[in-house]
Amino acid sequence: MQSADASHKQAEYLLDEPSIVAGLEAVAAGGVIAYPTEAVWGLGCDPFSEAAVAKLLKIKNRPVEKGLILVASSLEQLPALAASLTDAQRDTMQATWPGPVTWLIPDVDGCIPQWIKGEHASVAVRVSAHPLVRELCNRHGGALVSTSANDAGEPEIRSQSRLVEEFGGRIDAVIAGELGDSAEPSQIRDLISGNRLR
283 MQSADASHKQ
293 AEYLLDEPSI
303 VAGLEAVAAG
313 GVIAYPTEAV
323 WGLGCDPFSE
333 AAVAKLLKIK
343 NRPVEKGLIL
353 VASSLEQLPA
363 LAASLTDAQR
373 DTMQATWPGP
383 VTWLIPDVDG
393 CIPQWIKGEH
403 ASVAVRVSAH
413 PLVRELCNRH
423 GGALVSTSAN
433 DAGEPEIRSQ
443 SRLVEEFGGR
453 IDAVIAGELG
463 DSAEPSQIRD
473 LISGNRLR
């Protein structure tokens with residue numbers, strides 16, 4: 283059962299309609315947004331827009347070869363990828379979702395662009411428990427890119443004021459909201475081996 287505090291937080295996230303609308307408009311126009319996640323501020327964009335992803339990578343100074351994480355409100359937001367999974371694989375992931383676990387899923391049918399996967403054959407996917415992230419994905423109608431809002435190799439950002447100071451002039455919209463309760467960025471696990479990579 284959801285606590286009163288959790289319900290209050292969810293209402294706060296969902297009530298900031300102007301910044302949600304501005305963020306979704308920026309994504310639709312090929313822009314890069316910043317938004318709070320479970321643990322740190324993240325940068326995001328439309329994963330199927332090569333230009334938007336290139337812009338995000340340039341902002342973050344991140345090599346395309348490293349790949350990016352996709353965040354969704356459910357696995358069904360990536361239907362072509364979901365279709366290739368066995369029931370056992372789905373069950374393994376669903377046992378940790380929604381939540382701060384990212385799974386490396388083999389892209390056997392090549393349905394995810396290489397600019398998302400980088401040099402890898404798998405794609406990193408997380409189904410978020412954060413109410414604002416879920417709302418953004420639902421209203422966008424699919425997964426979004428999710429990468430920490432920091433220059434490559436620099437510490438993660440945990441406050442909106444620092445986020446605006448560091449990235450305000452480089453991104454297209456900031457979605458107002460609060461971080462979740464996770465102290466650390468998401469775990470990363472390999473779906474085939476089950477090994478924890480982070």
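Numbering (the working numbering), first residue to last: 283 to 480. Glycine residues also receive a C-beta, built at the ideal position from the N, C-alpha and C atoms.
Extent of the continuous alpha helix (DSSP H) to which Asp472 belongs: Not the alpha helix (DSSP H): Asp472 falls in the beta strand (DSSP E), residues 469–472.
Continuous beta strand (DSSP E) stretch holding Trp323: start and end: 323–326
CA-to-CA distance, Ser410 to Gly313, given in whole angstroms: 21 Å
Identified DSSP bridge partners for Trp385: Val407, Arg471
DSSP-derived helix/strand/coil call for Thr429: strand
Chain C contact for Leu426 (CB, 7 Å cutoff): The structure shown contains no chain C, having only a single protein chain.
Ala434: first and last residue of the uninterrupted alpha helix (DSSP H) it sits in: No alpha helix (DSSP H) contains Ala434, which DSSP labels as neither H nor E.
Identity of the residues DSSP links to Pro318 by a beta bridge: Trp323
Whether Trp397 touches Glu347 by CB criterion (7 Å): no
Start-to-end residues for the alpha helix (DSSP H) that takes in Ala354: No alpha helix (DSSP H) contains Ala354, which is instead part of the beta strand (DSSP E) from 351–354.
Gln359 classed as buried or exposed, judged by whether at least 16 other C-beta atoms fall within 10 angstroms: buried
Nearest candidate by alpha-carbon position, reference Asn432, set Gly423, Gln442, Asp391: Gln442
Option nearest Trp323 by Cα separation, candidates Gly476, Ile351, Trp385, Glu460: Glu460
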